[in-house]
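Just so you know, we're using our numbering here: the sequence shown kicks off at 54 and counts up by one.
Note that beta-carbon positions come from the ideal geometry of N, C-alpha and C, so glycine has one too.
Notes for the one structure printed next.
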Amino acid sequence: MKKNILYSSKSIIALLLMIAGFSCQSLEEMPEGISTPQNFYTTVGQCEAAYAGAMNALFVTWGGYQGLPSFPDGQFEGTSLDLGVSSFNELWNWHYKSIANINSVLRAVKGGSLASNSQDVIDNVVAQGRFLRAFNYFTLVRLYGKIPYITEDTPDPVSTPLTPESRLEIAKVYDLLEADLTFAVDHLGDYDAATPGKPNKWIAKGYLAKAYLTRATAPLNQTEYYAKARDVANEIITEGPYKLLPSLQDVFKTANNRSMEIMFAFYTTSQTPYMPGNVFAPSEMDGWSGGPVKIYWASNIYPEQPRKHSYLLLDFTSDVYDPSAPIINWSKSADGVPYIGKYNMPNLTYDQQVGGGDSGLEMKLLRFADILLIYAEAANMAAGAPTQLAVDRLNMIIDRANAGTEKEPRATLTMSKAVFDQKVIDERSYELCFENDRYFDVLRKRILEQVNLPDNAQGFQETDYLLPIPALDAKAIGQNPGY
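Structure representation (structure tokens):
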């Protein structure tokens, strides 16, 4: 049964936009020293600082994506398909808050706040904002379906409240976010090692390829977008600066942060450190048990290969404080579940694991491995059968995962379109696990019930493919079916 809760009189979207845009309001008296968009967003540095602040809505110490959302994607232990009206409401709030902050910068720049700069400089600042806005909307449309696409030109939602008509059709949302991404591709700079966290044209192309691939699958099923996804992914692979690291053991080591496999990530500073390393660890590692892995998936589905023992924490010390303590299997541990290996030793140093301070984790958002997998899926589906290049690029991921052991069978050109497509989707689940990616594959491939079998698919309904809109906004714009 879906639960009902009381509604309030103001929407979260309106409140967030009102807070972000409050300094735009006219005042009869201007207190000395007050910052407004007209007198603050007058330098590139100020605009970029505001963009960084917008990302803080998504990633801040002890908040946002610092704690992985435990979606029912078949990989997190203890999840459920018994979704209620308040399930994952925080995601809606995080992303619309981020959008509100981004739009305040774009509104100021459109109003001439950077007029003393060249048009190229202005376009680059706008491109950064439009990329970040598209990044937020890409998450929202996949989770919630029809949504308001609020921009710097949207009327003040306090004086002009949102209505059910404010929710755009899913295809229209994709049209708008793709326009934002295309502008970003055209006006962002190239990769700059000095500023790895700053959006560049290759990152924008990466998300454009992901958007095209998603559009080709459910719920839109606009299959002509497979070719577009293939072609953009191919540009990144053949012309971009990124590459696959040779050893899978190097990908998640904190000592190897900002490697050339990482295209986009949440980066932290000393002012916004990452949570302590023991957050995702088992009890024997003085952990808080925050990263349990679904036993059935780890034991019965994930292929037995070196990658499995690197990306999952299956065998670990029985006492992290005793160097001579024996290694135990997860089945013999106090918690009785595997954990996420990507966010524990040996990827963390001992001090990062148990020191109680910043773990130094780099939370990845887009990796070059994902681009190879996008290409393989899109090329196969566009051609109606696997191509040699699709096979080769998929095997780049498999070969690294096997690390010379040949534990997992390689892809072959003799596979049918359906078999190869399943191989790619499986490979995505193994390679990109616990990187906030798998759930979106589950949604677009319509396998939500399947991946939650045999033990936590109770309560599944087709309406579970969309999350509930928070009640404050649902009162104004309408609720998704089933809630």
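Cutoff 7 Å; reference residue i; Cβ partners in own chain excluding five residues on either side
i    : result
Y202 : Y190, L221, V226 and L229
T192 : H148
F75  : Summary for F75: the model assigns pLDDT 36, below 50, so the residue's position carries little reliability; its value from the coordinates is reported in the next sentence. There are no such residues.
F473 : N433, P439 and A464
C486 : Q128 and Y364
K460 : P356, E357 and Q358
L298 : V304, S312 and E314
N382 : L367 and D368
L458 : One detail in the question is off: residue 458 reads as Thr in this sequence, not Leu. Same-chain partners within the cutoff: Q358 and P359.
Reduced DSSP secondary structure (H/G/I, E/B, other) of residue i
i    : result
R420 : strand
V194 : helix
T248 : coil
Y320 : coil
K389 : Rather than Lys, the amino acid found at residue 389 in this sequence is Gly. Here G389 sits in coil by DSSP.
L365 : strand
G535 : coil
F93  : helix
G344 : coil
N400 : coil
V332 : helix
T370 : strand
S212 : coil
N253 : coil
N170 : coil
L241 : coil
L221 : strand
T204 : coil
Own chain residues within Cβ distance below 6 Å of residue i, not counting five before or after
i    : result
L301 : R360, S363 and R453
A456 : P359
P217 : I530 and G531
F124 : Y492
L196 : L520
F513 : L134 and E502
D239 : none
Y278 : Y265, R268 and A269
Presumed contact (8 Å Cβ cut-off) between residue i and residue j, rounded CB distance
i    : j    : result
L365 : A351 : 6 Å
Y34  : G389 : Absent from the structure is residue 34, since the part of the chain shown begins at 54 and ends at 536.
T96  : M328 : The Cβ separation is near 33 Å, so there is no contact.
E430 : V477 : 4 Å
F112 : M398 : Not quite, the Cβ-Cβ distance comes to about 23 Å (not below 8 Å), so this is no contact.
Q405 : T307 : 6 Å
E130 : I348 : 6 Å
Q503 : L134 : Actually they do not touch by this definition, with Cβ atoms about 11 Å apart.
Y392 : A334 : 7 Å
L466 : V444 : 5 Å
I541 : L425 : What the structure shows of the chain is the stretch from 54 to 536, and residue 541 is not part of that stretch, so it cannot be assessed.
Y536 : V138 : 5 Å
Contact check, residue i vs residue j, beta carbons under 9 Å
i    : j    : result
N533 : L525 : no
G198 : P294 : no
E231 : L159 : no
I315 : R420 : yes
Q181 : A237 : yes
D423 : D490 : yes
I175 : A103 : no
N177 : L241 : yes
Y94  : S166 : yes
L234 : A187 : yes
T402 : G410 : no
Y492 : P122 : yes
I223 : V194 : yes
G330 : Y244 : no
L266 : R497 : yes
I427 : A286 : yes
K263 : A282 : yes
L418 : E488 : yes
G408 : N400 : no
Sequence-distant residues of the same chain with beta carbon closer than 8 Å to residue i, five excluded per side
i    : result
S61  : Summary for S61: the model assigns pLDDT 34, below 50, so the residue's position carries little reliability, and this model does not support an answer.
F184 : D233, L234, A237, L241, P252, I256, A257 and Y260
A110 : G117, W147, H148, K150, S151 and N154
A280 : A431 and A435
D508 : Y349
Restricting to runs no shorter than 4 residues, where is the alpha helix (DSSP H) found entirely within the segment 440-521?
441-455, 470-484, 491-497 and 501-504
Let me know the alpha helix (DSSP H) ranges lying completely inside the segment 256-320, each 4 residues or longer, listed in chain order.
278-292
Scan the segment 86-164 and note each continuous alpha helix (DSSP H) run of 4 residues or more that stays entirely inside, going in chain order.
90-93, 97-109 and 142-163
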